[in-house]
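Q: Before anything else, here's the structure in question.
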Amino acid sequence: MYLDPDWATSALLIIDVQNDFASGPSAVAGTADRIPGLARLATSFRAVGRPIVHVVRSYRAGESDVDLVRRAAIESGDAVVQPGTTGADIPAALLPHDLTLDWNLLRSGEIQLIGPDESVMYKPRWSAFHRTPLDRRLRDLGIDTVVVAGCNLPNCPRATLFDASERDYRTVLVVDATSQTTPERLADLELIGVRLRTVDDAVAELSVIPPAPGAHRCEEE
Numbered sequence: 002m003y004l005d006p007d008w009a010t011s012a013l014l015i016i017d018v019q020n021d022f023a024s025g026p027s028a029v030a031g032t033a034d035r036i037p038g039l040a041r042l043a044t045s046f047r048a049v050g051r052p053i054v055h056v057v058r059s060y061r062a063g064e065s066d067v068d069l070v071r072r073a074a075i076e077s078g079d080a081v082v083q084p085g086t087t088g089a090d091i092p093a094a095l096l097p098h099d100l101t102l103d104w105n106l107l108r109s110g111e112i113q114l115i116g117p118d119e120s121v122m123y124k125p126r127w128s129a130f131h132r133t134p135l136d137r138r139l140r141d142l143g144i145d146t147v148v149v150a151g152c153n154l155p156n157c158p159r160a161t162l163f164d165a166s167e168r169d170y171r172t173v174l175v176v177d178a179t180s181q182t183t184p185e186r187l188a189d190l191e192l193i194g195v196r197l198r199t200v201d202d203a204v205a206e207l208s209v210i211p212p213a214p215g216a217h218r219c220e221e222e
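Residue numbers (the numbering used here): 2 to 222.
See the structure below:
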């Protein structure tokens with residue numbers, strides 16, 4: 002009753018899918034392989050006018066407002082996904098059009114709108130809800146179901162799912178659009194009520210909801 006997703010009031014969160022984590026010096030194994038499925042998932046959300054939030058992170062060499070596990074490295078001058086670099090960019094296949102990220106806006110805690118139902122948001126820690134405007138944004142849009150996919154399940158996607166559940170959102174993980182999944186990690190998430198879906202599942206369930214006003218449903222190629 003409280004756990005099953007309502008796709009008509011859902012939003013897709015794509016977590017930390019940036020060039021450095023897909024194919025750069027800090028690539029997370031399996032992330033690049035997930036991009037085609039993520040692109041298909043994003044296309045399906047756009048087709049029915051459901052919101053998409055690309056959640057990104059960034060580090061400036063020498064800064065200290067960083068997760069503890071990498072703080073020493075960043076303070077000493079190491080940095081990946083540095084603002085303004087191609088490594089920090091979102092892969093083009095996931096976007097509706099060419100895009101230049103406004104890092105000053107994003108790192109100030111604001112959301113960058115990139116379409117009528119699509120946006121980019123920066124997070125300073127694991128969870129997309131920690132010190133971000135995400136919860137307010139989702140409430141304003143009438144969202145009650147959070148669909149998560151992206152990079153490195155045991156870190157940021159998992160933290161985001163826990164925080165979403167604590168805020169009473171219905172939660173979905175798209176398993177084959179998320180890197181670093183294992184049976185044990187998925188079983189742990191099911192214990193807190195996360196529903197597991199494949200890209201095929203999500204596309205099929207989205208296809209039967211009424212498109213939002215102004216959305217243009219299209220057939221998959």
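For glycine and all other residues, C-beta sits at the position ideal for the given N, C-alpha and C.
(1) So the candidates are Asn156, Ile144, Leu135; which of them puts its Cα closest to the Cα of Leu190?
(2) When the Cβ atoms of the segment 60-67 are set against those of the segment 17-29, are three or more pairs found closer than 8 Å?
(3) I'd like the span of the beta strand (DSSP E) that includes Gly151, first residue to last.
(4) Curious, which full-length beta strand (DSSP E) runs of at least 3 residues does the segment 147-199 contain?
(5) Would you say the segment 32-49 touches the segment 95-106, given that touching needs at least three Cβ pairs under 8 Å?
(6) Check whether the segment 182-189 touches the segment 198-209, taking contact to mean three or more Cβ pairs, one atom from each stretch, closer than 8 Å.
(7) Quick one: is Gly194 buried, meaning 16 or more other Cβ sit within 10 Å of its Cβ, or exposed?
(8) Could you check the C-alpha separation between Ala213 and Val49 for me, to the nearest Å?
(9) Which full runs of the alpha helix (DSSP H) of 4+ residues lie inside the segment 4-88, going along the chain?
(10) Taking Leu13 as the reference, give the member of Arg168, Asp169, Leu162 with the closest Cα.
A: Walking through what the data contain:
(1) Asn156
(2) no
(3) 146-151
(4) 171-179, 196-198
(5) yes
(6) no
(7) exposed
(8) 6 Å
(9) 20-23, 32-48, 69-76
(10) Leu162
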